[in-house]
Amino acid sequence: MTTNTSNTNAPHPDVIVVGAGIAGRLTAWLLARSGLTVTILEADSVGSHASGFAFGGLGPLEGAGIPHPILDFSVWCFQRHKSIYDELLDETGIDTQFHLRDRLNLAFTDEEANHQKQAIAWQSGLPGFKVEWLQPEDAVKAEPRTNPDCIGASCAQGTGAVEAYRYNLAVAQAAEKHGATIIQRRVTGLIGEGGRCRGVKLETGEMEAGAVVLAGGPWTGAMSERCGVEIPVRPLKGQIIRFQLSENPMVASLNYAGSYAASKPDGLIWAGTTEEDAGFDEELTTAARDKVMGDLLKMAPSLAEAELVQQTACLRPLSADGMPIVDTIPGWDNLHLITGGGRKGILWSTGMAHGLADLILNGSSAIPDLPALSLSRFQT
Ligand SMILES: Cc1cc2nc3c(=O)[nH]c(=O)nc-3n(C[C@H](O)[C@H](O)[C@H](O)COP(=O)(O)OP(=O)(O)OC[C@H]3O[C@@H](n4cnc5c(N)ncnc54)[C@H](O)[C@@H]3O)c2cc1C
2 MTTNTSNTNA
12 PHPDVIVVGA
22 GIAGRLTAWL
32 LARSGLTVTI
42 LEADSVGSHA
52 SGFAFGGLGP
62 LEGAGIPHPI
72 LDFSVWCFQR
82 HKSIYDELLD
92 ETGIDTQFHL
102 RDRLNLAFTD
112 EEANHQKQAI
122 AWQSGLPGFK
132 VEWLQPEDAV
142 KAEPRTNPDC
152 IGASCAQGTG
162 AVEAYRYNLA
172 VAQAAEKHGA
182 TIIQRRVTGL
192 IGEGGRCRGV
202 KLETGEMEAG
212 AVVLAGGPWT
222 GAMSERCGVE
232 IPVRPLKGQI
242 IRFQLSENPM
252 VASLNYAGSY
262 AASKPDGLIW
272 AGTTEEDAGF
282 DEELTTAARD
292 KVMGDLLKMA
302 PSLAEAELVQ
312 QTACLRPLSA
322 DGMPIVDTIP
332 GWDNLHLITG
342 GGRKGILWST
352 GMAHGLADLI
362 LNGSSAIPDL
372 PALSLSRFQT
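Using the working numbering, read the sequence shown as starting at 2 and increasing by one per residue.
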């Protein structure tokens, strides 16, 4: 992929997208293939933040806003990953390694087990998924590294994962194939006039456009003052550890208390994760490594022998209620916002980007639950 560091090929594109994370790139691809000229402005390297380092789990049946009010949105996002996989393979030849994988949520206390069983009550009725309660011996059969001291596990079949870095790369290439340009520049401000955004200010110079999309991940909140509207997004740091295993890979993913472990197509086990309020700090810490190791050994004691090969840290864009924000910014005709993917920004990227592309192209969208993602939900 080429990154233009000097001049833009489209000095006055239809749309400028600020930020080349998955939210910005996917939106750019959808707009470009609908015939708009699109320029993506990225302050750092493509994929150098959360989008390029995420675990890539696609678990639509749990998380912020699930089941109410965004279960349908979340399931739609997951189903769209299946078809996007084929489209990206056709357009770019990149295999994003989307795959289905069983997911075990372990319980070690009665309270945890009851919580899981309550969720199974509504999850098991969803078309396309099978969710059931397993006794410890069946959990060990489903994933032999499961801690046999658990008191059971909910097992979800029909969910999956994608390789986040490949997915980002494929989307960027697909967008470029449709004429989108990625330029390495930091956006420092907006050019505004009578409720219309004429373009963006750069460290040196300006760039005009028909519309602007703010997709700056956890940095999007910094645009609040320039928009005149509070964008309630903050960074939530997360660290992941990758392990080498000499024996067979894990079959299912193990999950417990917000942490997870699974074998990835790169042959490594990825285990995570932390939730740290550390501002914009992206340094690795030993405290995070110890926390992730502790959770891993609780889920799978036999992994004590696995060799640590890499640790990564990056920042999730977390909204005030944990759900995404997809909207046109109030008071502006053509200034749009896509952020707040939080812990599920890879999963939700499909619905977020389709929703915003629909709003820009048609003024409305049929993506389920999209009104629940509006910025106005934070305004009293
Ligand atoms: C440890 C960890 C594990 C995760 N695992 C999963 C998972 O398993 N499943 C899942 O669905 N999600 C997961 N996520 C969440 C997911 O990675 C994020 O929600 C998602 O990548 C956010 O994408 P984004 O495009 O909004 O933001 P980002 O990826 O942060 O991209 C924003 C981009 O905007 C650029 N930018 C910002 N300001 C400017 C500016 N002024 N000018 C130009 N460019 C700018 C930044 O440089 C950055 O490249 C995980 C996250 C972490 C941290």
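Yeah, the Cβ is synthetic: ideal placement off N, Cα and C, and Gly gets one too. Treat the numbers as computed from the prediction; the structure is a model and nothing was measured.
Original post:
In terms of residue numbering, what span does the beta strand (DSSP E) encompassing Phe244 cover?
Top reply: Val234 to Gln245
**OP:** Could you spell out the range, first to last residue, of the alpha helix (DSSP H) harbouring Glu112?
**Re:** Asp111 to Gln124
**OP:** Could you say which of Phe79, Gly94 and Pro145 lies nearest to Gly129 if we only look at CA atoms?
**Re:** Phe79
**OP:** Mark Thr97 as exposed unless 16 or more other C-beta atoms lie within 10 angstroms of its C-beta, in which case mark it buried.
**Re:** buried
Subject >> Check: Leu42 C-beta below 8 Å from any heavy atom of ligand 1 >> reply: yes
**OP:** Go ahead and label Gly196 buried or exposed: buried means 16 or more other beta carbons lie within 10 angstroms of its beta carbon, across all protein chains shown.
**Re:** exposed
Original post:
So Met208 is in the beta strand (DSSP E); what residue range does that whole segment cover?
Top reply: Glu207 to Glu209
Original post:
Since Leu246 and Leu107 are thought to touch, with beta carbons under 8 Å apart, how far apart are those beta carbons, to the nearest angstrom?
Top reply: Actually they are not in contact, since the Cβ atoms of Leu246 and Leu107 sit about 19 Å apart, beyond 8 Å.
Original post:
Under a Cβ-count criterion, where at least 16 other Cβ atoms within 10 Å of its own Cβ denotes burial, should Ser260 be classed as buried or exposed?
Top reply: buried
Original post:
Apart from the five residues just before and just after Ala11, which ones in its own chain have a Cβ nearer than 7 Å to its Cβ?
Top reply: Note that Ala11 scores a pLDDT of 43, beneath 50, so its modelled location is shaky and nothing firm can be said.
**OP:** Note down the Cα distance separating Gly346 from Phe54, rounded to an integer number of angstroms.
**Re:** 12 Å
Subject >> Alpha carbon of Arg378 to alpha carbon of Ile326, nearest angstrom >> reply: 9 Å
**OP:** Quick one: grab the DSSP three-state call for Glu248.
**Re:** coil
Original post:
Do the CB positions of Pro236 and Ala321 come within less than 9 Å of each other?
Top reply: no
Subject >> Contact the region 177 to 194 vs the region 355 to 374: 3+ CB pairs below 8 Å >> reply: no
**OP:** State the start and end residues of the unbroken alpha helix (DSSP H) segment that holds Val76.
**Re:** Leu72 to Thr93
**OP:** Could you name the residues of the same chain whose beta carbon sits closer than 7 Å to that of His100, not counting the 5 residues immediately before and after it, in chain order?
**Re:** Gly161 and Ala162
Original post:
Quick one: is the Cβ of Asp334 within less than 8 Å of any heavy atom of ligand 1?
Top reply: no
Original post:
To the nearest angstrom, how far is it from the Cα of Ser375 to the Cα of Leu357?
Top reply: 11 Å
**OP:** Please name the residue or residues paired with Asp103 in a DSSP beta bridge.
**Re:** The partner list for Asp103 (beta bridge, DSSP) is empty, contrary to what the question assumes.
Original post:
So does Lys118 have its beta carbon nearer than 8 Å to some heavy atom of ligand 1?
Top reply: no
Original post:
When you compare only the Cα positions, how much space is there between Arg243 and Ala223?
Top reply: 32 Å
Original post:
Rounded to the nearest angstrom, how far is the Cβ of Gln332 from that of Val230, given a contact under 8 Å?
Top reply: The amino acid at residue 332 is misidentified as Gln; the sequence shows Gly. That pair is a contact at about 7 Å.
Original post:
Alpha carbon to alpha carbon, how far is Ala258 from Trp349?
Top reply: 21 Å
Original post:
Is His355 helix, strand or coil when you go by DSSP?
Top reply: helix
Original post:
For the alpha helix (DSSP H) that Ile23 lies in, which residues bound it at each end?
Top reply: Ile23 to Arg34
**OP:** Identify which residue in Lys292, Cys198 and Gly217 has its Cα closest to the Cα of Leu336.
**Re:** Cys198
**OP:** With distances taken Cα to Cα, identify the nearest neighbour of Val18 among Ala262, Ile85, Glu308 and Gly218.
**Re:** Gly218
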